[in-house]
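Chemist: Structure provided below as structure tokens; questions to follow.
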Amino acid sequence: MNPPPQRRKLAHDIPSWVSQGSRHFITINCKDRHGTPLLNTDIANQLLKSARYYEEAGSWYLWLMLVMPDHVHFITTFDLSRGVRPIVSMWKRYQTRTLKVAWQSDFFEHRLRNDEEFRLKAHYIRMNPVRKDLVSLPEEWPHCIDRTVLDGPSSGDA
1229 MNPPPQRRKL AHDIPSWVSQ GSRHFITINC KDRHGTPLLN TDIANQLLKS ARYYEEAGSW
1289 YLWLMLVMPD HVHFITTFDL SRGVRPIVSM WKRYQTRTLK VAWQSDFFEH RLRNDEEFRL
1349 KAHYIRMNPV RKDLVSLPEE WPHCIDRTVL DGPSSGDA
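Residue numbering for the sequence shown follows our numbering, beginning at 1229 and increasing consecutively.
Following this line, the structure appears as structure tokens:
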């Protein structure tokens, strides 16, 4: 069997013109995309708990976080002075050390440029467990923090 193709590393550098309150869509995949390493309720709960801790520490504001069996989706507002890559990398390292989660080496990041992109991406994330036939309704998925209808930091529309 041939090894999977190597993806190029993404810079994740935020241009200087991006506002501090901008929202970002993040996906972090497990190394094993065919297993269900995150389906364990204890692991999923610890991932959510540690994400809340990072929020309390001022690293990010969580609009939405959803733990799937083999990946995690976020919509966050970062403290851009600390950088997206260092914050996400530190969070991943912590999960690897404490929960033994094996992540792929990088992550996907996309800045959500307006409220419509935000709504579409939030809907995509919330429907993920439904599309994968894990639940019938998005509200039934337990491994989620969803504040997309609550007030949070400035949207940073560009």
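Beta carbons are placed, not taken as given, at the ideal position from N, Cα and C, and that holds for glycine.
Just so it is clear, the structure is predicted and the values come from calculations on it, not from any experiment.
1. Give a yes or no on whether 8 Å exceeds the smallest Cβ distance from Ala1350 to chain E.
2. Measuring alpha carbon to alpha carbon, tell me which of Asp1260, Ile1315, Cys1258 ends up nearest Gly1286.
3. Using the three-state DSSP reduction, which class does Thr1304 fall into: helix, strand or coil?
4. Alpha carbon to alpha carbon, how far is His1299 from Phe1335? Give it in angstroms, no decimals.
5. Just to confirm, is the Cβ distance from Leu1276 to Arg1375 under 8 Å?
6. Roughly how many angstroms lie between the CA atoms of Gln1332 and Cys1258, to the nearest whole one?
7. Please report how far the alpha carbon of Leu1266 lies from the alpha carbon of Leu1348, in whole angstroms.
8. Give me the residue from Arg1325, Leu1294, Tyr1289 with the minimum Cα distance to Ser1250.
9. Label Tyr1282 either buried or exposed according to how many other C-beta atoms from any shown protein chain fall within 10 Å of its C-beta, with 16 as the threshold for buried.
Modeler: On the basis of the data shown:
1. Among the chains in the structure shown there is no chain E, since it carries only a single protein chain.
2. Ile1315
3. strand
4. 10 Å
5. no
6. 5 Å
7. 25 Å
8. Tyr1289
9. buried
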